[in-house]
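Residue numbers (the working numbering): 1202 to 1332. Here the structure comes first, spelled out in structure tokens, and everything after it is commentary.
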């Protein structure tokens, strides 16, 4: 059984990254319902939009779901000492991708960047034997 103090090592990076992933997923679900469930988009704007714009929106929403799931999985990796480096780097990469594509209302990727940096910081402390 692990010492309870060891379990709290990566909590800040884990929490920030998990909140970021959940934030991106919640926004993706809300945008999906807004875009495909509202009559404003489907009946009023839909006929005026070109086909490539419709496909771009679908691809963008798909990217939101994928990045949100990746952030949640990476935050779970940060929680484990053996995989904290991989999880932190994964959160940083996905957050930078999300920041570039304006996912999660830009709050999710910013929280992900903070969580990834905190995870890297805690990993460095463990590697140098400070903790």
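Don't be surprised by glycine CBs; every beta carbon is placed ideally from N, CA and C.
Selection from the options that minimises the alpha carbon distance to residue i
{"i": "residue 1261", "options": "1275, 1301 and 1281", "result": "1301"}
{"i": "residue 1323", "options": "1224, 1311, 1287 and 1233", "result": "1287"}
{"i": "residue 1265", "options": "1218, 1280, 1224 and 1241", "result": "1224"}
{"i": "residue 1273", "options": "1309, 1283, 1257 and 1239", "result": "1309"}
Coarse secondary structure for residue i, derived from DSSP in three states
{"i": "residue 1265", "result": "helix"}
{"i": "residue 1213", "result": "helix"}
{"i": "residue 1228", "result": "helix"}
{"i": "residue 1302", "result": "coil"}
{"i": "residue 1320", "result": "helix"}
{"i": "residue 1329", "result": "coil"}
CB-CB length for residue i against residue j, believed under 8 Å
{"i": "residue 1314", "j": "residue 1296", "result": "5 Å"}
{"i": "residue 1285", "j": "residue 1317", "result": "Going by Cβ atoms, the distance from residue 1285 to residue 1317 rounds to 10 Å, so no, they are not a contact pair."}
{"i": "residue 1321", "j": "residue 1220", "result": "The Cβ separation is near 18 Å, so there is no contact."}
{"i": "residue 1228", "j": "residue 1305", "result": "5 Å"}
Under 8 Å between C-beta atoms of residue i and residue j
{"i": "residue 1278", "j": "residue 1291", "result": "yes"}
{"i": "residue 1237", "j": "residue 1243", "result": "yes"}
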